[in-house]
Amino acid sequence: MSMKCSNRQVDGVTIVDCSGRITLGEGSVILRDTVRELLSKGQKKILLNLADVNYIDSSGIGELVSAFTTVRNQGGELKLLNLTKKVHDLLQITKLYTVFDVKDEEAAAVKAFS
Amino acid sequence: MTDHRVSYTLDSTLETVDSAEEAASRIAAESGFDEDEVMQISMAVREAAVNAVLHGNAYDPGKKVSVDFERTGHDLVITIRDQGKGLDLSKIPDPLAPENLLKTSGRGIFLIRSFMDEVHIHPSQTGTEIKLVKHVHGQTAGGKEASQ
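Same order as they appear, the protein sequences are chains U and Y. The numbering of the first sequence is our numbering, which starts it at 1 and goes up by one. The numbering of the second sequence is our numbering, which starts it at 1001 and goes up by one.
Following this line, the structure appears as structure tokens:
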């Protein structure tokens, strides 16, 4: 299943609903382009909803890290929402779970943006 | 699990990575591994194939990647070889070190070692061979890893 992203606005936060696989190649590129486009529009409060992301490889993990640091370096915030067990476990073993701000409830996640 | 061997010779492309992953998933499932183990094996093979295509053969169309799956009575043994310059093991960073946590690459070998029971890496001037071993349920290795 290829990667897809769609955006919606909730109280000044851009929620990016992702689905599919974030892997080397198309999946990673789509995520990268989506985040870059949002930043170019000045949308710097980004909530990545990964509820329908069923697979991520080391390249995809790297892309999440890149998105996180890119947004932060531009004065924004990027948080993760609704991790699947597989993605959760991957972030745990790579010690990235504590680096990312991970939420499991959308309304609370939106409120958590400063 | 019955003794069985399957070999593939693949081009140095991203499609190769997907093919190797799909074959690993299918063979692991046929070998009786559970869903989580199948995911671990297929991801380890994917990461090893990515290394072979990108870092080993550097997408060179003249170089091939070979992937061998061997089912023995106790193990699934997967061997992936490239025709690159040979992986420099001393240059593989620890992705869990605080200074590396926010790096965007360097987690592939770590994930492979996390998911497989044994990992043997043999770099040479004619390429790198990585052998991945997953034991059948209930049979654990004495050591988690044996890189060489």
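We treat Cβ as the ideally placed atom computed from N, Cα and C, and that holds for glycine.
Leaving aside the five residues before and after Y:Gln1125 along the sequence, list all residues of the same chain whose C-beta is less than 6 Å from its C-beta, in chain order. Taking the second sequence and counting its residues from 1, one reaches residue 1125 of chain Y at position 125. Only Gly1086 meet the Cβ criterion.
Expressed to the nearest angstrom, what Euclidean distance is found between the alpha-carbon atoms of Y:Ala1065 and Y:Val1136? For this step, residue 1065 of chain Y is matched to residue 65 along the second sequence. For this step, residue 1136 of chain Y is matched to residue 136 along the second sequence. Note that residue 1065 of chain Y is Val in the sequence shown, not Ala. Using only the alpha carbons, I get a separation of about 26 Å.
Please classify U:Ser2 as buried or exposed, where buried requires at least 16 neighbouring CB atoms within 10 angstroms. Here residue 2 of chain U is taken as the residue at index 2 of the first sequence, counted from 1. When all chains shown are included, U:Ser2 counts as exposed.
For Y:Ser1025 and Y:Ser1012, believed in contact at Cβ under 8 Å, the rounded distance: Reading the second sequence from its first residue, position 12 is the one you call residue 1012 of chain Y. Reading the second sequence from its first residue, position 25 is the one you call residue 1025 of chain Y. Contact flag wrong, Cβ pair sits at about 21 Å.
Might you give, ordered along the chain, the residues of its own chain that have their beta carbon closer than 7 Å to the beta carbon of Y:Gly1127, omitting 5 neighbours on each side? To locate residue 1127 of chain Y, count along the second sequence from 1; it is residue 127. Answer for Y:Gly1127: Gly1056, Arg1081, Asp1082, Gln1083, Gly1084 and Gly1086, listed in chain order.
Under 8 Å, do Y:Ser1114 and Y:Asp1068 count as touching if we go by C-beta distance? What you label residue 1114 of chain Y is simply residue 114 of the second sequence in a count that begins at 1. What you label residue 1068 of chain Y is simply residue 68 of the second sequence in a count that begins at 1. No, these two residues do not count as a Cβ contact at 8 Å.
Closest residue to Y:Lys1134 among Y:Glu1022, Y:Gly1062, Y:Ala1044 and Y:Leu1102 (Cα-Cα distance): In the second sequence, counting from the first residue as 1, residue 1134 of chain Y sits at position 134. Of the candidates Y:Glu1022, Y:Gly1062, Y:Ala1044 and Y:Leu1102, the one whose C-alpha sits nearest the C-alpha of Y:Lys1134 is Y:Ala1044.
I want to verify the contact list: residues of chain Y whose CB lies under 7 Å from the CB of U:Ile93, in sequence order. Here residue 93 of chain U refers to the residue found at position 93 of the first sequence. Those within 7 Å of U:Ile93 in chain Y are Ser1114.
What residues of chain Y sit near U:Asp52, judged by a beta carbon separation below 8 Å? Your numbering for residue 52 of chain U matches position 52 in the first sequence. Under the 8 Å cutoff, chain Y gives no residues; its nearest Cβ is about 17 Å from U:Asp52.
Beta-carbon of Y:Pro1095 versus every beta-carbon of chain U: anything under 8 Å? Along the second sequence, read from residue 1 onward, the residue named residue 1095 of chain Y stands at position 95. Y:Pro1095 counts as touching chain U.
If you draw a straight line from the C-alpha of U:Ala109 to the C-alpha of U:Phe68, how long is it? Here residue 109 of chain U is taken as the residue at index 109 of the first sequence, counted from 1. Here residue 68 of chain U is taken as the residue at index 68 of the first sequence, counted from 1. Roughly 16 Å between the two C-alpha positions.
Since U:Leu50 and U:Leu78 should fall inside the 8 Å C-beta cutoff, what is the C-beta to C-beta distance between them, to a whole number of angstroms? The residue given as residue 50 of chain U occupies position 50 in the first sequence. The residue given as residue 78 of chain U occupies position 78 in the first sequence. Between U:Leu78 and U:Leu50 the Cβ distance is about 12 Å, and since that is not below 8 Å, they are no contact.
If the criterion is Cβ atoms closer than 8 Å, does the pair Y:Leu1014 and Y:Val1053 meet it? The residue you call residue 1014 of chain Y lines up with position 14 of the second sequence. The residue you call residue 1053 of chain Y lines up with position 53 of the second sequence. Yes. Within cutoff.
Measuring alpha carbon to alpha carbon, tell me which of Y:Tyr1059, Y:His1120, Y:Val1050 and Y:Leu1101 ends up nearest Y:Thr1079. Residue 1079 of chain Y sits at position 79 when you count from the first residue of the second sequence. Taking only the C-alpha atoms, the option nearest Y:Thr1079 is Y:His1120.
Which residue comes first and which comes last in the alpha helix (DSSP H) that contains U:Lys85? Here the question's residue 85 of chain U lines up with position 85 in the first sequence. Element bounds for U:Lys85: Lys85 to Ile93.
Run the CB neighbour count on U:Ser114, radius 10 Å, all protein chains shown included, and call it buried at 16 or more, exposed below. By one-based count along the first sequence, residue 114 of chain U stands at place 114. The residue in question, U:Ser114, is exposed, as its Cβ has fewer than 16 Cβ neighbours within 10 Å.
Report yes if the CB atom of U:Ser66 is closer than 8 Å to the CB atom of U:Arg32, and no otherwise. For this step, residue 66 of chain U is matched to residue 66 along the first sequence. For this step, residue 32 of chain U is matched to residue 32 along the first sequence. Yes, they are a contact pair.
Quickly, what does DSSP pair Y:Arg1107 with across the bridge? List them, please. Stepping through the second sequence from its first residue, residue 1107 of chain Y is reached at position 107. According to DSSP, Y:Arg1107 bridges with nothing at all.
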